[in-house]
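Scroll down for the structure; my scribbles are underneath it.
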Amino acid sequence: MGVQGKKIGVLMESDYYEKEIFYYQLRFPEEGIDLHFLTRLWGQPSLTFTGHEYRVPFECHESFENMDDATLRSYAAIVVPAGMVSDRLRYTEDVNKIPPATEFLARAFAEPSIVKGIICHGMWLVAPKAELVRGRPVTVHNNLIGDAKNYGALYTDQDVVVDGDLVTAR
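As structure tokens, this is what we get:
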């Protein structure tokens, strides 16, 4: 299956891992991928995030909030990157509600045609809805093995694990 012309969304927030995001920015378009960085814009037209290691600024203009089902289905993949992106995206004003980013990810999980990529610490975004990975083989950063097991996921000691529409990587 070719990737030319496919649309991929990468979730973004501050403390992103610069090398990973730079790789997506460079390599995905080289392969003809229509790349979109998505975040929670908090009612703003754009937000600027800073990288974790080099503090590189990254401006994001697209929101996953209020994305309709047809637009969501236009994505071939949604990627939750490494770094602290997922931790920051878990913030919600009302602690009794599931964070909007987790709700968005759950909507993507409900669409088998969308590949879900969860990299390294990205698995934290699943925590409020552990049923998304319960019973599924995954891999995570060594610091998150206990988390993955507590979610009911089947931790697999491999660098990359592909389980149908779910791809996880350390």
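What the sequence shown shows, in this note's numbering, is residues 577 to 746, in sequence order.
We put the beta carbon where it would ideally sit given N, CA and C, even for glycine.
Span of the beta strand (DSSP E) holding residue i?
i	result
P676	No beta strand (DSSP E) contains P676, which is instead part of the alpha helix (DSSP H) from P676 to F685.
K583	K583 to L587
K692	V691 to I695
Is it right to say residue i is buried, meaning 16 or more other beta carbons lie within 10 angstroms of its own, or is it exposed?
i	result
L602	exposed
K692	buried
H630	Reading the sequence as shown, one finds Tyr at residue 630 and not His. Flag for Y630 reads exposed.
R649	exposed
V579	exposed
T615	buried
Y651	buried
Tell me, to the nearest whole angstrom, how far the beta carbon of residue i is from that of residue j; I am working on the premise that it is less than 8 Å.
i	j	result
R746	A729	About 14 Å separates the two Cβ atoms, so there is no contact after all.
S622	E635	6 Å
V702	Y727	6 Å
V586	V655	5 Å
Mind pulling the alpha helix (DSSP H) runs of 4 or more residues that sit fully within the segment 606 to 660? Correct list: 645 to 649.
Is the number of C-beta pairs between the segment 649 to 668 and the segment 588 to 602 that are closer than 8 Å three or more? Contact holds: three or more Cβ-Cβ distances are below 8 Å.
Could you name each continuous alpha helix (DSSP H) segment of 4 residues or more that falls completely within the segment 715 to 745, going from the start of the chain to the end? 721 to 726, all fully within the segment 715 to 745.
With three or more beta-carbon pairs closer than 8 Å as the criterion, would you say the segment 679 to 692 touches the segment 710 to 729? With contact defined as three or more Cβ pairs closer than 8 Å, the segment 679 to 692 and the segment 710 to 729 are not in contact.
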